[in-house]
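A.B. asks: By the working numbering, the letter at position 223 of the sequence shown is numbered 238, and the numbering carries on one by one without gaps. First the structure, which I've put down as structure tokens, then a few questions once you've had a look.
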Amino acid sequence: MVTFISDTGCDITKNIKLPYELKFLPLRVYVKGKEFEDKVTISPEELYSFELQGEVASTSLPKPDTIERVIKDAAENSERVYVITISSKLSNTYDLILNIVNNMNVKNVTVLDSKTASIKQGYVVMKAMEILTRKGSLTQADINRIVENSLLVFFVPTLEYLYRGGRIGKAKAFFGKLLNIKPVLTTDDEGEVNTLATVRSMEMGISTMANLASNFAKNKGFANSYSVIGGYTIDSMKSYLEKLIGNFDNSSILGTSSIGAAIAAHVGPEAFGMVIGERIQF
16 MVTFISDTGC DITKNIKLPY ELKFLPLRVY VKGKEFEDKV TISPEELYSF
66 ELQGEVASTS LPKPDTIERV IKDAAENSER VYVITISSKL SNTYDLILNI
116 VNNMNVKNVT VLDSKTASIK QGYVVMKAME ILTRKGSLTQ ADINRIVENS
166 LLVFFVPTLE YLYRGGRIGK AKAFFGKLLN IKPVLTTDDE GEVNTLATVR
216 SMEMGISTMA NLASNFAKNK GFANSYSVIG GYTIDSMKSY LEKLIGNFDN
266 SSILGTSSIG AAIAAHVGPE AFGMVIGERI QF
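What follows is the structure, encoded as structure tokens:
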């Protein structure tokens, strides 16, 4: 038996039958002076609502005792355990889990850095499962190749939340607002948030994202065999996402997912995006 573990920075579609068990470590979300556990004691929709009311949210790592308990249980009941975390460039979750695993001295647990977040983290987890089924093993080098051969494109109407969370600088946020520039963002191969393009309207954002994704698949050589996963926050963003993924072969779309509260705390209540990568075949 093999068990996979991720944190709730990972957004994964619910309608996919996975070949291995997948457990989650909840990141913590702070809003209105209270602590919540992402996707456990606060839903993504509740966090979006708080943000739309003007509340400012922040996040923290999973509870150490929760990490130890979940990993201990998995290690005792599985031959191998793979923990795939949110990007170490975006959170200290990877370092915390690695330290806990080392202190536990469990030999069948491998901790890996997804070098991304949200729906691309979900894609990385699923592709990692496919590779394990095919190869019988999984390493950081395998994860790095998955990251390099997939592209996340996401859109936020405002840079305010990314600035508050320390993901972009004050100058970039100020000039973005001043010039009404809306960014098309990604997580790069090192796991950091980067800008792929800037646009001035939602419609231009959709066409730009579709072109970026299509060209990426073409340049990587899998334009005829790919998988797409979409992610969104509030309902109005879902309609934009549907327009975006409508540019791709319907049989290649694995599904869509709401964006978790821990991620929405940093990108805001209005965001949507997609990941495209080599076809996932369980």
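Here a beta-carbon is modelled for each residue, glycine too, at the ideal position from N, C-alpha and C. In this text, all values refer to a predicted model and were calculated from it rather than measured experimentally.
Which whole-angstrom value is the C-beta distance of Met141 and Leu33, which I expect to be below 8 Å?
C.D. replies: Translated into the one-based positions of the sequence shown, residue 141 becomes position 126. Translated into the one-based positions of the sequence shown, residue 33 becomes position 18. In this structure Met141 is in contact with Leu33, their Cβ atoms being roughly 7 Å apart against a cut-off of 8 Å.
A.B. asks: Going residue by residue through the segment 51-79, where are the continuous alpha helix (DSSP H) segments of at least 4 residues, counting only ones entirely within it?
C.D. replies: 59-67
A.B. asks: Just to confirm the assignment, what range does the alpha helix (DSSP H) spanning Ile223 have?
C.D. replies: Mapped onto the sequence shown, residue 223 falls at position 208. Residue identity check: residue 223 is Thr in the sequence provided, not Ile. First-last of the alpha helix (DSSP H) with Thr223: Met217 to Lys235.
A.B. asks: Give me, in chain order, the residues of the same chain whose beta-carbon lies closer than 8 Å to that of Ser273; leave out the 5 immediate sequence neighbours on both sides.
C.D. replies: By 1-based counting over the sequence shown, the position of residue 273 is 258. A distance below 8 Å between beta-carbons, with the five flanking residues on each side excluded, links Ser273 to the following residues of its chain, in chain order: Asp26, Pro59, Glu60, Gly246, Tyr247 and Thr248.
A.B. asks: Where does Leu200 fall in DSSP's three states?
C.D. replies: Within the sequence shown, the letter at position 185 stands for residue 200. Strand at Leu200.
A.B. asks: Starting from the C-beta of Arg294, find all residues in its chain whose C-beta is less than 8 Å away, skip the five residues before and the five after it, and write them out in chain order.
C.D. replies: To locate residue 294, count along the sequence shown from 1; it is residue 279. So the qualifying residues of the chain are Phe237, Ser240, Tyr241, Ser242 and Ser267.
A.B. asks: Can you tell me where the beta strand (DSSP E) with Lys38 in it begins and where it stops?
C.D. replies: As a first step, residue 38 must be located in the sequence shown, where it is residue number 23. Unbroken beta strand (DSSP E) run through Lys38: Glu36 to Leu40.
A.B. asks: Leaving out the 5 sequence neighbours to the left and right, which residues in its chain are closer than 6 Å to Thr18 when beta-carbon positions are compared?
C.D. replies: Numbered from its first residue, the sequence shown carries residue 18 at position 3. So the list reads Glu36, Ala89, Ser93 and Val96, once near-sequence residues are dropped.
A.B. asks: Can you find the residues in the same chain that come closer than 6 Å, C-beta to C-beta, to Leu127, ignoring five residues on each side of it along the sequence?
C.D. replies: Sequence index remark: in the sequence shown, residue 127 carries index 112 (1-based). Within the same chain, Leu127 has close Cβ partners Ile99, Gln155 and Ile158.
A.B. asks: Buried or exposed: Phe297, going by 16 or more other Cβ atoms within 10 Å of its Cβ?
C.D. replies: Within the sequence shown, residue 297 is the residue found at index 282, counting from 1. Of the other Cβ atoms in all chains shown, fewer than 16 fall within 10 Å of the Cβ of Phe297; this residue is therefore exposed.
A.B. asks: Would you kindly report the start and end of the unbroken alpha helix (DSSP H) that includes Gly137?
C.D. replies: As a position in the sequence shown, residue 137 is number 122, starting the count at 1. Segment Ser133 to Lys150, the alpha helix (DSSP H) holding Gly137.
A.B. asks: Per DSSP, Ile115 forms a beta bridge with which residues?
C.D. replies: The residue given as residue 115 occupies position 100 in the sequence shown. Under DSSP, Ile115 shares a beta bridge with no residue.
A.B. asks: Beta-carbon within less than 7 Å of Leu113's beta-carbon, same chain only, minus the 5 sequence neighbours each way: which residues are those?
C.D. replies: Within the sequence shown, the letter at position 98 stands for residue 113. These residues qualify, in order along the chain: Val126.
A.B. asks: Tell me the residue span of the alpha helix (DSSP H) that contains Asp157.
C.D. replies: Here residue 157 refers to the residue found at position 142 when the sequence shown is read from its first residue. Gln155 to Glu163 is the span of the alpha helix (DSSP H), which, as asked, contains Asp157.
A.B. asks: From Val46 to Gly69, what distance separates their C-alpha atoms?
C.D. replies: Mapped onto the sequence shown, residue 46 falls at position 31. Mapped onto the sequence shown, residue 69 falls at position 54. If you take the alpha carbons of Val46 and Gly69, they lie about 11 Å apart.
A.B. asks: So, is Asp22 buried or exposed, given that buried needs 16 or more other C-beta atoms within 10 angstroms?
C.D. replies: Along the sequence shown, one-based indexing puts residue 22 at 7. Buried.
A.B. asks: Helix, strand or coil for Leu269, going by three-state DSSP, please let me know.
C.D. replies: Residue mapping note: residue 269 aligns to position 254 of the sequence shown, counting from 1. Look at Leu269 here: in three-state DSSP terms it is strand.
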